[in-house]
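Residue numbers (mature numbering (1 follows the signal peptide of the UniProt record, and there is no 0)): -22 to -1, 1 to 399.
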């Protein structure tokens, strides 16, 4: 009996101790909740992340392009450093984007000063205050009777004159911009037109909406206490998750996008430029270089203007094109034309210009000599102009043969008539 009593006593003691511990845990949890409720997470996060205010010029960023077209720090000579502040990824990304906007304006300046190109605004008949985009053209782009080169970049943040922002910042201007293509084309007697397929809208800041203090007070008075408590807990939980995931406090301004008429997408832009500029250009031979999504936009142009493109375009160089003839529902005649007049330089470990198996029956595929998608245009630079020159030589040879044949036929006809007489 004594043994049973002792065991019962020990069990009772354990239960009492457990209840005490549980009570202590509950009290600690309550105290922690009370402490967290007193912390303003927004203020805490603001102290953790610097404000999104960045320099507005390369000089203020303390960067400049050297004689090799490489972006270097003015004082240290070092390349651009993305992680300027550790553990602040969003702030670093915003800083990178701010630099990218400066780079865009810098490239526009090079197009105008170094390449002597002019802006032409779209749409061609804007109303007062209407959002506009623009392209760049050489003075003879529409009047050159022989050759016109049209450049179309891929999708994303790149604007007129750029293949890849990342290459401009981290490698050099030659690999990341279209300037080498423009310069060589001008030297070889082309007119040049630089498209701007990603300038599709005007982004404006939304005005802040302020609610009436009396209205907010009425809502609080009408809201049941239980519902309000659940709502507060939910909002507090969201704040904590937001902080833990991003460590970013700053509420960015809400914006809205106003699309540019008839240029609201890359496909629309390419079609618009074709209808209003390229189709009416004097050039006998039009050549196109289209990178990535630009290739898809070109194929869409063919779907819309097949007969015109076949009549006007001499050759097309694609670089790692994103087009798909099946998904884009191209015709058999378009596919046959692309087989004869297009070549796609794709990312590959094989040496430059190595023929590759074509996965779709559209156009020949060759290696660009690089596995990096954004480098395919620059790495295939010489090969593209060689391709264009071969096409021109073949065309000139065919025309000379036709002329010779025509002269022979006319001569034979005159001889026959003379014999008859």
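Note that the Cβ used here is the ideal one computed from N, Cα and C, for glycine as well.
Between residue 115 and residue 176, the C-beta spacing is not below 8 Å. Around the beta-carbon of residue 337, fewer than 16 other beta-carbon atoms lie within 10 Å, marking it exposed.
One Cα belongs to residue 124, the other to residue 168, and the distance between them is close to 7 Å. With a 10 Å radius around the Cβ and a threshold of 16 neighbouring Cβ atoms, residue 312 comes out buried. Under DSSP, residue 237 forms a beta bridge with 179. Here residue 303 has 277, 312, 313, 316, 338, 339 and 340 as same chain residues with Cβ atoms under 8 Å from its own Cβ, once five neighbours each way along the sequence are excluded. Residue 309: not part of any beta strand (DSSP E); DSSP gives it neither H nor E.
Three or more Cβ pairs closer than 8 Å define a contact, and the region 157 to 174 meets that threshold against the region 84 to 102.
Residue environment: residue 170 is assigned as buried (16 or more neighbouring CB atoms within 10 Å of its CB, all protein chains considered). The three-state reading of DSSP puts residue 130 in strand, counting E and B together.
With at least 16 other beta carbons inside 10 angstroms of its own, residue 298 counts as buried. Taking C-beta atoms as the reference points, residue 109 and residue 179 count as a pair closer than 8 Å. Between residue 358 and the set 306, 373 and 332, the nearest pair of CA atoms involves 332. Taking the Cα of residue 74 as reference, the smallest distance to any Cα among 321, 85, 60 and 83 is reached at 60.
Rounded to the nearest whole angstrom, the C-alpha separation of residue 367 and residue 374 is 10 Å. When the five nearest sequence neighbours on each side are left out, the beta carbons in the same chain lying within less than 7 Å of the beta carbon of residue 62 are those of 70 and 73, in order along the chain. Fewer than three pairs of CB atoms, one per stretch, sit closer than 8 Å, so the region 125 to 132 makes no contact with the region 88 to 96. Around the beta-carbon of residue 163, 16 or more other beta-carbon atoms lie within 10 Å, marking it buried.
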